[in-house]
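Okay, structure first, notes after.
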C-alpha cells in the first residue's frame, strides 16, 4: 500500500470512513467558495497582510496520516487524498499533489475554484517557483509553523528571501479560525487510552531503549533529545494508542535527558497500567500535559544558555516542526537563540532494524493474515459465481470479519482499497458508505489492497483478481508485466548499504519496455504494530532523503502496478524482509554467487506475504524458466504454510480452493 488516504475519524483502528464536503454538488461548490472567502478575509486582516497562505497536509508531528483535528487542507479543498499542499492567494487556489491522486482530485475538488498542480510532471513548477514567479516583490507568505518541518521551512524561506519576499509564522492557524467563523470548528484533538505492548511482542524493554538513546546523546554532546514523531514515542516506550485511525499512536512528545524522561500527553496523567508497565521495563517516566511542551522547551533553552560552555545542546529530528525548533532554540525568550542539533532521529534509525522477536512476530502475523485473505477470496468468488450481489464496501467489511477471527488482531492498518473495474485504476480509491454502491461484477478486474494491525506485527497486501478468471489479452499482459516486475525485486541480489532508489527500475523494467509505468513508489518501510508506512528507507524513483542504506532485518513493501484510467487497475504487493545472502542461503539466486561485492555483503529479500496470485491472469508465455520456478516455489510455500492451519481449523472449502490456486503451472 503506497501512501494511503487520510483517515477521517479516530478512536478505533477499524472505524468507518467518510468524506468532508461534497464538491460534486452545487451546494458543495457554494460551500467551498464560502470557505475560500473566509480564509482570504483572514489573510487580508492579519497584522501583516498575507499575499499567500500555505496549507500542508500535516500535523505538529509531521505525521503522514492525520486526525480530523488537523485535516485543514481537506476541509478547505474538498480533496481527501493523503498527500498534497494547498496555496491560496487573492486570485488563485492551487493544490500540489502527485500522480497517485490526479484522478481522485478531479472527482472530489471543485475544479472551477481549485487548480491541480501535477507535481510529478516536469513542466509543473514547484510551489516555491510558482510563488516567486506569481507574487510581487515585498509580498508576505504565511504558514502555520506547527504544520511544516524545519526541513521544509528553511528552503522555502530562503527561496522567498532571494525573491525579496518573506515567509512568516502564523501560529494561530487561519483555517481553524475560518472554521470557527463558519460555525464548523475542528473537532477536539483526541487523547484516547494508551495501551502497553509487552516485551514479548517488542523484544526490547523500554528502559533498554532509553539507555541506548542516552548513549547516542553522549556521542552528540546533547543535553536533551526531543522526540516529536508519534510512532517514535510509541516505539521507545512500548506503548500504543488510537488517536489517528489505523495507526496505533497517540498525540505526544517525549523529552529525554540524562536525568529524566518526560512524556507530554493528554492532561499528563498516566494510568496505573501504563505506570506499572513502564516500571516493569525499567523506565521511569514523568507525565506532563501535552500543551506544555513549548513552555518546557523554553525553560530548557534558558537553562542551557546559562551554562555558557557551549558544550550543551538540544537534539531534534530534522523533520520536527518549525514551531518546536523555534521553541527549543529559545526564540522569543533568549536574546541569542541556541544552536540545535537537527538531523535524522536516532529512534527512526533504531526501529528501522527489527530485532528477532519483532521479525518472528511479522512472520507469524502474516500466516494469520494470509488465512484471512485466502478465506475472503474463496468467499468472494463463491458469491460472485453464485450470482450474489456484492458491493465493494460489502467486500471490505467481509474481509474485516475474517481478520477479526485471527489472534492478536487490533484492526486494519489502513482504509481498505476495494476497487472493482474502473475504480481499481484510482490508485488510492476507497469505497464510500454513502451514495451509489459499485457492485463487483463477473467481468471485473478487482484490486484489493488491505492490511491488519496485530500485536506482533503489521501487514499490507495487494492482490488483483479477475472475477470470472477470463481477463482480456490486454489485462493478462499488463498483469504479467507487473508480476515480472515484482519478481524482479523479490529475486534481486544487491550490495548491503545500497539505497532503495537503486532497485526501483527493476520493478518498472517490463512496463518500460512497452512504454508503460505507474505513478507511485515501489516500496515503503513498515512499522512493527505501528504505522504501515515507516521511514527513512523505501524503494522509489526518488531517493528517500535520510535513507541510510539497506541492511538486514528491515521490512519493505514490494508493490509495482499498472492503471488504465476508466477501465481497470493492477497492483501486486508483498511485504519482504531484507536478509543477508551467501552461496548456501535458501534464495533462488544464491547458488550463482561468485563474490560478495568486495566485502560489502550481499542482500536479498524474503517474502512474508502468503497469498497466491491468480494463474488465469498470467500469460505464461511471457515468463522465463526462473520466473515460473519462482511462482511455483512461492505457491508451494503458501500451501505448505497455510494448508495445515486451514485443515486443523476444519476449513475444508477454503483448503480445497487454496490447493487449486497453488497448483503448478496450468
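Residue numbers (my numbering): 1 to 666.
Glycine is no exception: its CB is placed at the ideal position from the N, C-alpha and C atoms.
Could you work out which residue in the options is closest to residue i when comparing CA atoms only?
{"i": "residue 570", "options": "348, 661, 418 and 235", "result": "418"}
{"i": "residue 178", "options": "292, 522, 414 and 76", "result": "76"}
{"i": "residue 341", "options": "334, 317 and 347", "result": "317"}
{"i": "residue 445", "options": "495, 456, 470 and 335", "result": "470"}
{"i": "residue 250", "options": "262, 233, 562 and 338", "result": "233"}
{"i": "residue 377", "options": "403, 631, 555 and 352", "result": "403"}
{"i": "residue 91", "options": "127, 649, 52 and 63", "result": "52"}
{"i": "residue 521", "options": "650, 528 and 486", "result": "486"}
{"i": "residue 357", "options": "268, 541, 514 and 553", "result": "553"}
{"i": "residue 465", "options": "420, 578 and 44", "result": "420"}
{"i": "residue 533", "options": "601, 190, 452 and 482", "result": "452"}
{"i": "residue 252", "options": "458, 190, 577 and 155", "result": "190"}
{"i": "residue 184", "options": "621, 547 and 32", "result": "32"}
{"i": "residue 537", "options": "527, 548 and 216", "result": "548"}
{"i": "residue 262", "options": "209, 285, 664 and 123", "result": "285"}
Tell me, which residues are paired with residue i by DSSP?
{"i": "residue 494", "result": "603"}
{"i": "residue 142", "result": "53 and 168"}
{"i": "residue 564", "result": "568"}
{"i": "residue 118", "result": "97"}
{"i": "residue 287", "result": "263"}
{"i": "residue 635", "result": "For residue 635, which the question treats as bridged, DSSP gives no partner whatsoever."}
{"i": "residue 577", "result": "555 and 606"}
{"i": "residue 538", "result": "524"}
{"i": "residue 317", "result": "343"}
{"i": "residue 227", "result": "254"}
{"i": "residue 62", "result": "Residue 62 pairs with nothing; no bridge assigned."}
{"i": "residue 353", "result": "Paired residue(s): none; residue 353 is not in a bridge."}
{"i": "residue 149", "result": "321"}
Taking residue i as part of the alpha helix (DSSP H), name the residues at either end of that continuous run.
{"i": "residue 342", "result": "Element bounds for residue 342: not the alpha helix (DSSP H) but the beta strand (DSSP E), 341–343."}
{"i": "residue 362", "result": "356–385"}
{"i": "residue 305", "result": "293–307"}
{"i": "residue 334", "result": "Premise fails: residue 334 is in no alpha helix (DSSP H) and is neither H nor E."}
{"i": "residue 657", "result": "652–661"}
{"i": "residue 76", "result": "72–77"}
{"i": "residue 280", "result": "272–280"}
{"i": "residue 102", "result": "102–108"}
{"i": "residue 132", "result": "127–134"}
{"i": "residue 621", "result": "Unbroken run through residue 621: none, as it is neither H nor E."}
{"i": "residue 233", "result": "230–237"}
For residue i, I'd like the list of residues in its chain whose CB is within less than 6 Å of its CB, leaving aside the five on either flank, ordered along the chain.
{"i": "residue 612", "result": "635, 638, 661 and 662"}
{"i": "residue 437", "result": "391"}
{"i": "residue 157", "result": "167"}
{"i": "residue 24", "result": "Only weak support exists for where residue 24 lies, its pLDDT of 42 falling under 50; the coordinates are left without a value."}
{"i": "residue 276", "result": "none"}
{"i": "residue 618", "result": "480"}
{"i": "residue 169", "result": "145"}
{"i": "residue 272", "result": "none"}
{"i": "residue 510", "result": "481, 484 and 485"}
{"i": "residue 152", "result": "none"}
Cutting at 7 Å between CB atoms, please list the residues of its own chain near residue i, excluding the five before and the five after it.
{"i": "residue 380", "result": "390 and 395"}
{"i": "residue 205", "result": "199, 281 and 282"}
{"i": "residue 292", "result": "264"}
{"i": "residue 688", "result": "This structure leaves residue 688 out entirely; the chain is present only between 1 and 666."}
{"i": "residue 120", "result": "98, 99 and 519"}
{"i": "residue 455", "result": "197, 201, 408, 410 and 529"}
{"i": "residue 26", "result": "The predicted model places residue 26 with a pLDDT of 34, which falls under 50 and marks its position as unreliable; any figure quoted below should be read in that light. If we look at residue 26 and ignore the five residues flanking it on each side, it has no Cβ neighbours."}
{"i": "residue 333", "result": "298, 301 and 302"}
{"i": "residue 173", "result": "72 and 144"}
{"i": "residue 5", "result": "Here residue 5 scores only 34 on pLDDT, less than 50, and its place in the model is too uncertain to base an answer on."}
{"i": "residue 666", "result": "615"}
Could you tell me the boundaries of the beta strand (DSSP E) in which residue i lies?
{"i": "residue 449", "result": "445–450"}
{"i": "residue 265", "result": "261–265"}
{"i": "residue 558", "result": "555–558"}
{"i": "residue 86", "result": "85–89"}
{"i": "residue 256", "result": "252–257"}
Keeping to the same chain, check which residues put their C-beta closer than 8 Å to that of residue i; ignore five residues upstream and five downstream.
{"i": "residue 36", "result": "76, 88, 93 and 113"}
{"i": "residue 182", "result": "34, 35 and 38"}
{"i": "residue 393", "result": "418, 431, 432, 433 and 437"}
{"i": "residue 641", "result": "367, 370 and 610"}
{"i": "residue 106", "result": "116"}
Item checked: Completely contained beta strand (DSSP E) runs for the region 388–425, where each covers 3 or more residues -> As far as the region 388–425 is concerned, its whole beta strand (DSSP E) runs of at least 3 residues are 409–412 and 417–420.
Next item on the list: Report the residue ranges of all alpha helix (DSSP H) runs contained in full by the region 156–223; include only those spanning at least 4 residues, in chain order.
Entry: 174–181, 199–202 and 206–220
Checklist line | Runs of beta strand (DSSP E) lying entirely within the region 447–535, each at least 3 residues, in chain order | finding: Within the region 447–535, the complete beta strand (DSSP E) segments at least 3 residues long are 452–454, 461–466 and 523–525, listed from N- to C-terminus.
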